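So the sequence lines, in the order shown, correspond to chains A and B. The numbers in my numbering rise by one with no breaks, and the one at position 122 of the first sequence is 198. The numbers in my numbering rise by one with no breaks, and the one at position 78 of the second sequence is 208. Note that the Cβ used here is the ideal one computed from N, Cα and C, for glycine as well. Being a predicted model, the structure only gives us computed values, none of them experimental. In what follows, a structure is listed as structure tokens, so that the remarks can point back to it.
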Amino acid sequence: MTDAAAGRAGSGELAARQAELVAALVAGGPVPPGFAPAPLAAARAALLRKRAGDVARHWPLLAAGLGADWPATFQTWAGDRPTGGSLRDGWDLARALRDRGDLPPLGADELAAREAGARYDGQRPPRPRRLPGLGRAGGAVAVQLLGRVRLLRPARRPATGPGGRR
Amino acid sequence: MTGPTGVGIGWRPEIAGFVADLPGLRFVEVVAESLAPARALPAGLAQLRERGVTVVPHGVRLSLGGAEPVDPARVAHLAAVAELVDAPLVSEHIAFVRAGGMEAGHLLPLPRSRAAVDAVCANVARAQAELPVPIALEPIAALFDWPDDELDEAQFLTEILDRTGALLLLDVANVYANARNRGTDPRDLLDRLPLERIGYVHVAGGAEHAGFYHDTHTDPMPPAVLDLVGELCARRRPPALLLERDGDYPPAPALRAELDALAAAADFPVVT
């Protein structure tokens, strides 16, 4: 084998091993051969914590609505899902929570506003709507006109009794 | 514009007001991917430029250590940002951040192998061909190592610097984190790196979490990291020290105290 051919073989092997490692860290892939499991698990957990913080900055109401449950909710959902970027991660999670009835009202308000403002098919990056748009989530309704989004009706808040909110 | 000198701080929108009020500041760093060359600079950064403060673009998503060729569009963006802020140099990491079509979301370590050295050097050469200014390369903090390293860290880094002619951006907090997590002495690496190649130095805070020291950039700078800055300066004082803070911003006096401590450790002018 020539040096150039050896170089190509080396880079092909490196590419495959880097892909295996990333899959283990962000997509629920197996620990690649030879790696110590505990440090890799620590790295995986650190990546998820960082990602949860990044998504919370893009979806502040969703994160605030979940409060103390935010880190665990996000990390459970994201554990074997590679990131599509913070905007899409939060969007996908908000839709998943909506579909199973777990989207808090603040998150519903935020999701409705985002749906009104941009078209997102879940596969490709969201694109701003050029025509007027309507977004609904969990009872929240938002409209977008000429690029400005308004929340017409907020999501239903849980009933508060004499003892205050549960 | 002159190269970075003295004590600097990573410019972030959240602390733009704090940074603007540092009277002696001569140097900041900005995350290259946070700027859009087609648009005007953020006002805070533009004002620093008017004051003659050196601005160094710091890339975080080039993935110079990826086995695939570096994305020309990302290199072009870094080059455009360097022109925009009239930078004397730019910096990036010896790391990869994506592979197999997936984003890792953070800087990942390379195997310390000949094949990885070849991959990094090829990508650095591709970047250097398009960049208007020199590049400084930063060794990262990593919680794990690859199983089959052929080179130790000093050999790996020195080989890359020699072959690329790049400057070294030494992150003292990363040196500390790696040594602590591996159970080695961080001073050994300082003794073996080409310290005369340092363009500037990073310093940051971190915290222990579940048995590992994490270079978080969101915690206070530990005394041991400051001590290591002293160890570095005793060997060879770098031209500049830059404090990185990326969240959980403390009250201004706490941040000023960290900048003052760095100035004292390196005998640089106080910037606060």
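In chain B, which residues lie less than 8 Å from L123 (chain A) when you measure between Cβ atoms?
A234, G235, H236
For A170 (chain A) versus L207 (chain A), is the C-beta distance shorter than 8 Å?
In this structure, L207 (chain A) does not lie closer than 8 Å to A170 (chain A) by Cβ.
Helix, strand or coil: which one does DSSP assign to W141 (chain B)?
strand
Per DSSP, what kind of secondary structure is P187 (chain B) in: helix, strand or coil?
strand
From the DSSP output, in three-state form, read off Q199 (chain A) for me.
coil
Could you pull the start and end residues of the alpha helix (DSSP H) that L138 (chain A) belongs to?
That run of the alpha helix (DSSP H) goes 136-142.
In angstroms with no decimal places, state the Cα-to-Cα distance between V215 (chain B) and R179 (chain B).
7 Å
M232 (chain B) - partner residues in DSSP beta bridges:
B:A229
Quick one: what does DSSP say E222 (chain B) is sitting in, helix, strand or coil?
DSSP places E222 (chain B) in strand when its eight states are reduced to three.
Any Cβ of chain B within less than 8 Å of the Cβ of T159 (chain A)?
yes
Spatial distance of A391 (chain B) from D345 (chain B) (CA atoms)
Take the alpha-carbon of A391 (chain B) and the one of D345 (chain B): they are about 19 Å apart.
Looking only at its chain, what residues have a beta carbon closer than 8 Å to the beta carbon of A103 (chain A), apart from the 5 residues adjacent to it on each side?
D156, R157, P158
Name the one or two DSSP bridge partners that A423 (chain B) has.
As displayed, chain B neither begins before 131 nor continues past 402, which places residue 423 (chain B) out of reach and without an answer.
Sequence-distant residues of its chain with Cβ nearer than 6 Å to D165 (chain A) (five each side left out):
V131, T159
So with Cβ pairs under 8 Å, would you call L137 (chain A) a contact of chain B?
no
For A229 (chain B), which of A:A235, A:E89, A:V98 has the nearest alpha-carbon?
With distances taken between CA atoms, A229 (chain B) lies nearest to A:V98 out of A:A235, A:E89, A:V98.
Going by C-alpha to C-alpha distance, which of B:Y330, B:E289, B:F398, B:A168 sits closest to H207 (chain B)?
Checked all of B:Y330, B:E289, B:F398, B:A168; the closest Cα to H207 (chain B) is B:A168.
Indicate the three-state DSSP secondary structure (helix, strand or coil) for I270 (chain B) in the structure shown.
coil
Please report the straight-line C-alpha distance between G88 (chain A) and F226 (chain B), rounded to a whole angstrom.
15 Å
Report yes if the CB atom of G140 (chain B) is closer than 8 Å to the CB atom of R375 (chain B), and no otherwise.
yes
In the DSSP assignment, what residue or residues form a beta bridge with Q220 (chain A)?
DSSP lists A:G209, A:V225 as partners of Q220 (chain A).
Between the CA atoms of D357 (chain B) and A384 (chain B) - distance to the nearest angstrom:
18 Å
With DSSP run on the structure shown, which of helix, strand or coil describes L152 (chain B)?
coil
Boundaries (first-last residue) of the alpha helix (DSSP H) holding F150 (chain A)
146-154
Please list the partners that E374 (chain B) has in chain A, where partner means a Cβ-to-Cβ separation under 9 Å.
What E374 (chain B) touches in chain A: nothing, since even the nearest Cβ is about 14 Å away.
For A206 (chain B), which of helix, strand or coil comes out of DSSP?
Three-state result, A206 (chain B): helix.
Quick one: is Q94 (chain A) near chain B, going by C-beta distance under 8 Å?
yes
A95 (chain A): beta carbon under 7 Å from a heavy atom of the ligand PLP?
The ligand PLP is not part of the structure shown, which contains no ligands of any sort.
Is the number of C-beta pairs between the segment 392-401 of chain B and the segment 140-151 of chain B that are closer than 8 Å three or more?
no
N- and C-terminal bounds of the beta strand (DSSP E) containing D301 (chain B)
Taken as a continuous stretch (DSSP letters only), the beta strand (DSSP E) holding D301 (chain B) covers 297-301.
Within the same chain, show all residues whose beta-carbon is closer than 7 Å to that of R327 (chain B), passing over the 5 residues directly before and after it, in chain order.
Counting only Cβ-Cβ distances below 7 Å, and skipping sequence neighbours, we find L291, L297, L298.
Looking at C-beta atoms only, is the number of pairs between the segment 353-372 of chain B and the segment 141-151 of chain A that lie closer than 8 Å three or more?
Fewer than three pairs of CB atoms, one per stretch, sit closer than 8 Å, so the segment 353-372 of chain B makes no contact with the segment 141-151 of chain A.
Taking P115 (chain A) as the query, report the chain B residues whose CB atoms sit under 9 Å from its CB, ordered along the chain.
Within chain B, the residues near P115 (chain A) are A272, L273, F274, D275, N311, F342.
Spell out whether any CB of chain B is found under 8 Å from the CB atom of P230 (chain A).
no
Buried versus exposed call for D321 (chain B) [16 or more other C-beta atoms within 10 Å across all chains shown]:
exposed
If we cut at 8 Å on Cβ distances, does R127 (chain A) have a partner in chain C?
Included in the structure are the protein chains A and B, with no chain C among them.
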